[in-house]
Each structure stands twice: as C-alpha cells, then as structure tokens.
Amino acid sequence: MTVLDNFTEEILQSELPKNVLLHNMIRGLDKEKPPQFEVPAKKYTFESNLHGFSYDYQHSTVTISYKVADGVYSDVTVSFRTFRAYLEGLAVCVRMQKW
C-alpha cells in the first residue's frame, strides 16, 4: 500500500464528508494560497486528518505525505495535472458513493 492508496481509503470513508476538502484542494491548484505568517510556519499547503499536501507552484508538483507517523509510507510527488485528475475522480466517487 502506498500513501496514495491510504489517502484514497481515507477520502472514501462514508462517515467523513470530504467534498469541501477536495474542492479546496482542486481550487488550490489554480491559485496559490496567500502566505500565512504563523509561528511555527505550516508544513503543508492542505491537510486531511491523516495526510499533508505540499504544493510546489514553481515546479507544478504536489507532494503527498502521511503525517501521522514518519516512515510508514514514502512520500509521493505528482504533477498538478495528474493530481487534478486524481482529485476530480475521487470527487465523482464521493458524490456517487452508494456503499
């Protein structure tokens, strides 16, 4: 199992509504979030309960990390284009979910 598989399982859990998170993450691919001047600085651009997502706007990539425990799953880096297709597919699955 990879971090991407684990994120998919988290999103498809029917008891947790994820539409807003998915929508915000897709929108974040188009428009960079304004900087947040917090101490300590946030490590991730977006977070779910178990995963952190670091958007690299210069290279148009997203790094997906399992934030609960280091070393359980290796981080995965994908392009914005691939991540958008993945998130939009998950959003359709969540909307159509009947299991």
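With my numbering, the residue at position 15 of the sequence shown is 28, and numbering never jumps. Backbone N, C-alpha and C fix where the C-beta goes; we use that ideal spot for every residue, glycine too.
- Non-local C-beta neighbours of Tyr-57 in its own chain, meaning closer than 7 angstroms and more than five positions away in sequence, comprise Gly-65, Phe-66, Ser-67, ordered along the chain.
- Check the Cα spacing between Asp-83 and each of Leu-100, Leu-63, Arg-97: the tightest is with Leu-63.
- A Cβ-Cβ separation of about 16 angstroms leaves Ser-92 out of contact with Val-16 under the 8 angstroms criterion.
- In terms of Cβ geometry, Leu-35 and Leu-100 form a close pair [threshold 7 angstroms].
- DSSP places Thr-21 inside the alpha helix (DSSP H), whose first and last residues are 16-24.
- Asp-43: member of the alpha helix (DSSP H) spanning 32-43, first to last residue.
- When the Cα atoms are used, Phe-96 and Glu-45 turn out to be separated by approximately 15 angstroms.
- For Thr-95, the enclosing alpha helix (DSSP H) covers residues 93-109.
- Between Asn-37 and Phe-20 a beta carbon distance of about 15 angstroms is seen, past the 8 angstroms cut, so the two are scored as non-contacting.
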